[in-house]
Amino acid sequence: MPQGLSPEQVKRRLIVNTIVESENCYVSALHRLIVDFKQPLQRCSPPLLSAHKVDVMFHRVEQILQCHTIFGIALTQCVWEWDQKEMLGDVFLAAFSKNHVLEIYSDFVNNFTTAMDTARQASASRPQLAHFLKMRQVYSSDRLGFYGLMVKPVQRFPQFILLLQDLLANTPSEHQDRLSLELALTQLECLAEALNERKRICEQNQAARELAKSLGSAKIGSKGAEQLLVRQDDASQLEMDSTGLVVKTKGRRLLMLSDTLVCASGDGKNNVKWSVPVVEVSVSSFMLAAPTASTG
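Quick note: the sequence shown uses the UniProt record's numbering, first residue 1, plus one each step.
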């Protein structure tokens, strides 16, 4: 470390070193997923998994590795020039402002549960696969197995955000890298938020598909529309006489899809009672008068 650095400069160098070490560990984890897991499974004879299941388990890992390999080259150049420039924000902006990064990570995150389920179910039915995955974990230096490595892309942007927040906290307002760091942090926060939103929509769409199966009926709603399960609640359906008095209540399950309101039986069988497009639904409120006590 050069002599004569201010405490702030020393702190910034340490944070940058942490970023570099963190990124190297991350790239190593991605590389292990390909070299130690995916490729041996692809070459295995007789195969432990079908080619399709291998693709499902490692969906988008290679593309993520490619993104971060390119980012790592720029990050290394930044470190070499640190003493002269002390600039890092532009490197993050250049690497993570591209739309294809969001697409790749979104595909991975949305497929994560499916990948884990595929590995778990295949391991349960194929002891050889379970042994393969276990041995890869036992002989790894950090004892990280398939899940421990696969979860790292899910955690990556929150980690980046924390590191850049720390670096910004130690960067003076007049520093030449200040604006770039602020823009980079904003970009990463927007990227993380977009990933969360896409994950939410994907989960709602999956819930709607599972609901359609449980209802045991034809597709409800607009043809060709991607349905989302927005909300579901228990409700009571009231039957009133001509005077407006409630004479009967029935337990129901209300299911709000993105385009349709569905009323199903409340007995757990989910028999559809009726459905109506959301655009035709109107909501009105009323109060049931409580009976008054007689005096005298």
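By construction, the Cβ of each residue, glycine as well, lies at the ideal position given by its N, Cα and C atoms.
Quick caveat: nothing in here was measured; it's all calculated off a predicted structure.
| query | result |
| --- | --- |
| K269 versus P277 - alpha carbon distance | 22 angstroms |
| Whole-angstrom distance between L14 and L228, CA atom to CA atom | 46 angstroms |
| Three or more C-beta pairs below 8 angstroms linking the stretch 96 to 111 and the stretch 50 to 69 | yes |
| Pair within 8 angstroms by beta-carbon distance, V35 and G72 | no |
| Local Cβ density within 10 Å of residue 304, reported as buried at 16 or more and exposed below that | Lying outside 1 to 296, the shown extent of the chain, residue 304 is not represented and no answer is given. |
| Cβ-based neighbour list, H31, same chain, cut-off 7 angstroms, excluding 5 preceding and 5 following | L65 |
| N- and C-terminal bounds of the beta strand (DSSP E) containing P158 | Taken as a continuous stretch (DSSP letters only), P158 belongs to no beta strand (DSSP E), being part of the alpha helix (DSSP H) at K152 to A169. |
| Alpha carbon of L48 to alpha carbon of D233, nearest angstrom | 43 angstroms |
| Sequence-distant residues of its chain with Cβ nearer than 6 angstroms to Q237 (five each side left out) | K250 and R252 |
| Start and end residues, alpha helix (DSSP H) containing K11 | P7 to R32 |
| Whole-angstrom distance between L5 and A94, CA atom to CA atom | 28 angstroms |
| Segment contact flag, the stretch 153 to 164 with the stretch 182 to 192, C-beta cutoff 8 angstroms, min 3 pairs | yes |
| 8 angstroms Cβ cutoff met for F112 and L133 | no |
| Three-way DSSP call (helix, strand, coil) for M116 in this model | helix |
| Proximity below 8 angstroms, CB of L33 to CB of F58 | yes |
| Distance, I19 Cα to H68 Cα | 13 angstroms |
| C-beta neighbour in chain D for E210, strict 8 angstroms | Protein chain content of the structure displayed is limited to a single chain, and chain D is not contained in it. |
| Residue from F37, E182 and L183 whose Cα sits closest to the Cα of L144 | F37 |
| Selected residue, minimal CA-CA separation from N110, among N24, R198 and K85 | R198 |
| DSSP bridge partner residues for A264 (one or two, in chain order) | R253 and V272 |
| Start-to-end residues for the beta strand (DSSP E) that takes in Q206 | Note, Q206: premise wrong, no beta strand (DSSP E); alpha helix (DSSP H) at R178 to L215. |
| Cβ separation of V16 and V79, assumed to be a contact under 8 angstroms, to the nearest whole Å | 7 angstroms |
| Inter-residue Cα distance where the pair is R120 and R126 | 10 angstroms |
| Close beta carbons around V54, own chain, < 7 angstroms, minus the five adjacent residues each side | K38, L41 and Q42 |
| Start-end ranges of the alpha helix (DSSP H) lying completely within the stretch 84 to 139, minimum 4 residues | 89 to 96, 99 to 125 and 127 to 138 |
| Integer-rounded CB distance, given that K273 should sit under 8 angstroms from residue 300 | Here the chain has residues from 1 to 296 only, and residue 300 is not among them. |
| Cβ-Cβ separation, L261 to S275 (assumed contact under 8 angstroms), whole Å | 7 angstroms |
| Reduced DSSP category for P40 - H, G, I as helix; E, B as strand; rest coil | helix |
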